[in-house]
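Each step along the sequence shown adds one to the number in the UniProt record's numbering, with nothing skipped, and position 203 is 203.
All residues carry an ideal CB built from backbone N, CA and C; glycine is no exception.
Quantities reported herein were computed from a predicted structural model and do not represent experimental measurements.
So the structure is just underneath, and the comments pick up after that.
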Amino acid sequence: MQTPQPKVSFKEQMHQAREDAILQSTCRLLSDKAYDAMTMDDVAQAVGIAKASLYKHFCSKEELCCAAMVQILGRLRTFLDSLAPEQPPLDKLQALVRWSLQRLLAHEMPLLPSRNSSLRAVLMANPSYLEGLVAVSDQVGQWITQAQAQGVLDPSLPPLVVLYTLYARACDPVVGFLKEGGQHSDEEIIALVLRTCFQGLAAR
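Shown next as structure tokens:
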């Protein structure tokens, strides 16, 4: 017999709902501008709350953005775990890129912090983020080596190069350029980026 879960108070529900809204708005802002350009005022205005209320949830911009990065990484892990084990490794890698591009087009994918960003130092010191990043990298790395062994990915490429190339699609500027051009639907943009990513530019 399962132990009944403790009832969450209305106040706690509202607190969690507001925190979710804060993180969602932060992801959107981080997808549209660099971390250094985003301010806590921007977030408070996007959520529609007072800046003082924002600080009741997160004491600094670094803590807030770190929480947003941890959340999106958790969503990615949930997605990867949902893929069928029998699915070919190349299909899983393409599904990963497709998921990232969908989030990017929906302004739900935070831009990766640059090496000289203060956010990167905060992320590297966050156990939850590091644990999630290592878990995702190990899982994706395994699929890469399997796909290379099957001959469907170039086995001469170091797996780490392939991994970083796939990660880079999550902040690919080509997506934004095509979206602004208005000549392609979101699904067409995803298909084009997947094609150039996995098939290259050489004529077949």
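Helix, strand or coil: which one does DSSP assign to residue i?
i, result
"histidine 57", "helix"
"alanine 68", "helix"
"glutamate 108", "coil"
"leucine 201", "coil"
"residue 209", "Any answer about residue 209 is impossible in this case: the structure gives the chain only from 1 up to 204."
"histidine 15", "helix"
"glutamine 94", "helix"
"alanine 21", "helix"
"glutamate 86", "coil"
"glutamine 183", "coil"
"alanine 121", "helix"
Sort the options by Cα distance to residue i and report the nearest one.
i, options, result
"aspartate 42", "Leu29, Met69, Ile190, Gly176", "Leu29"
"arginine 169", "Ala46, Gln94, Ser185", "Gln94"
"proline 127", "Tyr167, Leu105, Val70, Asp186", "Val70"
"valine 152", "Ala125, Gln199, Leu119, His107", "Gln199"
"alanine 121", "Cys65, Gly48, Ala202", "Cys65"
"leucine 96", "Ala125, Ser53, Leu163", "Leu163"
"glutamine 24", "Gly48, Lys11, Val161", "Gly48"
"histidine 107", "Lys7, Cys27, Gln16", "Cys27"
"glutamine 102", "Glu188, Met14, His15", "Glu188"
Rounding to the nearest angstrom, what Cα-Cα distance links residue i and residue j in this structure?
i, j, result
"glutamate 63", "arginine 75", "18 Å"
"leucine 192", "glycine 132", "29 Å"
"methionine 38", "alanine 67", "15 Å"
"aspartate 36", "arginine 18", "24 Å"
"leucine 111", "arginine 98", "16 Å"
"proline 155", "alanine 34", "35 Å"
"tyrosine 129", "serine 185", "33 Å"
"alanine 203", "threonine 196", "11 Å"
"tyrosine 167", "glycine 141", "11 Å"
"glycine 180", "serine 9", "A quick correction: the sequence has glutamate, not glycine, at residue 180. Whole-angstrom Cα-Cα distance: 44 Å."
"serine 31", "leucine 105", "9 Å"
"threonine 165", "threonine 145", "14 Å"
"alanine 46", "leucine 160", "37 Å"
"leucine 123", "alanine 44", "22 Å"
"leucine 80", "aspartate 20", "22 Å"
"glutamine 150", "tryptophan 143", "10 Å"
"lysine 7", "glutamine 13", "10 Å"
Length at least 4, wholly inside the stretch 123-180: the alpha helix (DSSP H) runs in chain order: 127-149, 159-168
Taking 8 Å as the threshold, find out whether the stretch 79-92 comes into contact with the stretch 169-181 through three or more Cβ pairs. no
Contact between the stretch 137-149 and the stretch 54-62 is defined here as three or more beta-carbon pairs at a separation below 8 Å; is this criterion met? With a cut-off of 8 Å, the stretch 54-62 and the stretch 137-149 do not count as touching, because too few Cβ pairs lie within range.
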